[in-house]
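Following the working numbering, the numbering of the sequence shown begins with -12 at its first residue and continues without gaps. Heads up, the beta-carbon is just placed ideally off N, CA and C, and yes, glycines get one too. Predicted model, so just to flag it, every value in this text is computed and none were measured.
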Amino acid sequence: MQRRGREGMADQPMAANVVEVPEADASPAGRISRRRFWKRAAIGVAAASAAGASYPLLEAKWCRLTRRTLAVRNLPASFRGLSVAYLSDLHHGPYVGLDYLRYVVDWTNSLKPDLVLLGGDYVSKSPRFIGPVCEVMGKLKAPMGRFAVLGNHDNGESTPECHTQLDRAGLELIDNSGRWLRRGGDRLRIGGVGDLWTDVQSIDAALENADEGDASIVLSHNPDFAEYCRDPRISLMLSGHTHGGQVVVPNVGAIILPSRFGRKYAEGLVEGPAYPVYVGRGVGTSGPPVRFYCRPEIVLLTLV
């Protein structure tokens, strides 16, 4: 004989070895168990909320390594395969400490780059942070040189102090200047311009006697410069400044970008009007010490 279940479905015939699940326990002990369950659930929800709220703070120091192989127009055969470590926007200050930056520098050195290029904004909030960050950056190692330009924050705090401390650290400042790198009979131009917001820019001084047959890499802290300077002698520009947006909403993108051209120069390889521009996300943070869906990065480029 069958009996009907609560949902109206036919149950199987009862057997001696079938264990029925009892109704919910209404005893005081059962009520205590339920209270314990809901208390633990509430604690779990609170912990998850706290973790979610703290994640942007953690991501701000969760640096990643980005490896890219970039084609550089007119690159001489002897420079093919050149490895370039590119760091920008360290922003040492109240929110970005030296221990984190030492970690980034040590990691960069472990990659054994041929060349180190620095894209500006090394300091935030006070000139007193300039000396310490330059001392840390001075530990960077590269046999073909370490070259830097200044950013708007550097000039905003103290341009003369930045010049002094970079020189003391042995880092070559190439704002509106540059150097020829040579291998055998080949040459590669490394040039830089002053920050677009806080300085003047002289591409002629940066490129010197380079012509359209040379390979020339130009540092410009602000990538917007590529829209105004369309010099055909430039093979590649390296920039920072925009931090990838720093806070990125999934399926929407970066909400705030310090660029006149919207999200075009947020991050990565961008095709400018006359030449490609690689925009690094940066190492530190500007303003609130948070990042979301936009981890800081060390960029290691292989030139081909």
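- Message: Can you look up Pro273 in the DSSP assignment and give me helix, strand or coil?
- Response: According to the sequence as given, residue 273 is Ser; it is not Pro. Ser273 sits in coil when the DSSP states are folded into three classes, being neither helix nor strand.
- How many Å lie between Gly143 and Gly68 at the Cα? The alpha-carbon atoms of Gly143 and Gly68 are separated by roughly 37 Å.
- Message: Three Cβ pairs or more, each shorter than 8 Å: is that satisfied between the stretch 257 to 264 and the stretch 237 to 245?
- Response: With a cut-off of 8 Å, the stretch 237 to 245 and the stretch 257 to 264 do not count as touching, because too few Cβ pairs lie within range.
- In three-state terms, what does DSSP make of Leu88? Under the three-state reduction of DSSP, Leu88 is assigned to helix.
- Gly249 burial status per 10 Å Cβ neighbour count (16 or more: buried): The residue is exposed, with fewer than 16 neighbouring Cβ atoms inside 10 Å.
- Asp76 versus Gly107 - alpha carbon distance: Whole-angstrom Cα-Cα distance: 6 Å.
- Task: Take Gly157 and list the residues in its own chain whose beta-carbon comes closer than 8 Å to its own, dropping the five residues that flank it on each side.
- Result: Excluding sequence neighbours, Gly157 sits near Gly125, Arg133.
- Query: Is Ala241 helix, strand or coil when you go by DSSP?
  - Reply: Here Ala241 sits in strand by DSSP.
- Query: At what residue ranges does the stretch 144 to 197 contain a whole run of the alpha helix (DSSP H), taking only runs of 4 or more?
  - Reply: With a minimum length of 4 residues, the continuous alpha helix (DSSP H) runs that stay inside the stretch 144 to 197 are 190 to 194.
- Please go through the same chain and pick out, in chain order, the residues whose beta-carbon is closer than 8 Å to the beta-carbon of Ala38, but skip the five residues on each side of it. Because Ala38 carries a pLDDT of 39, less than 50, the predicted location of this residue cannot be relied on, and the following value inherits that uncertainty. Cβ within range, chain order: n/a, list empty.
- Item | Nearest candidate by alpha-carbon position, reference Ala64, set Arg169, Gln188, Gly269 | Among Arg169, Gln188, Gly269, the Cα nearest to that of Ala64 belongs to Arg169.
- Query: If you check the beta carbons only, do Glu46 and Arg282 fall under 7 Å apart?
  - Reply: A contact, by the Cβ cut-off of 7 Å.
- Message: Let's test the definition: count the other Cβ atoms within 10 Å of the Cβ of Gly274 and tell me whether it reaches 16, buried, or not, exposed.
- Response: Looking at its Cβ environment, which holds fewer than 16 other Cβ atoms inside 10 Å, Gly274 is exposed.
- Mind checking whether Val110 and His79 have CB atoms under 7 Å apart? Less than 7 Å divides the Cβ of Val110 from the Cβ of His79.
- Message: If you follow the alpha helix (DSSP H) that Glu122 is in, where does it begin and where does it stop?
- Response: Going by DSSP, Glu122 is part of the alpha helix (DSSP H) stretching over 117 to 124.
- Locate the beta strand (DSSP E) running through Phe134, then write down its first and last residues. Residues 133 to 135.
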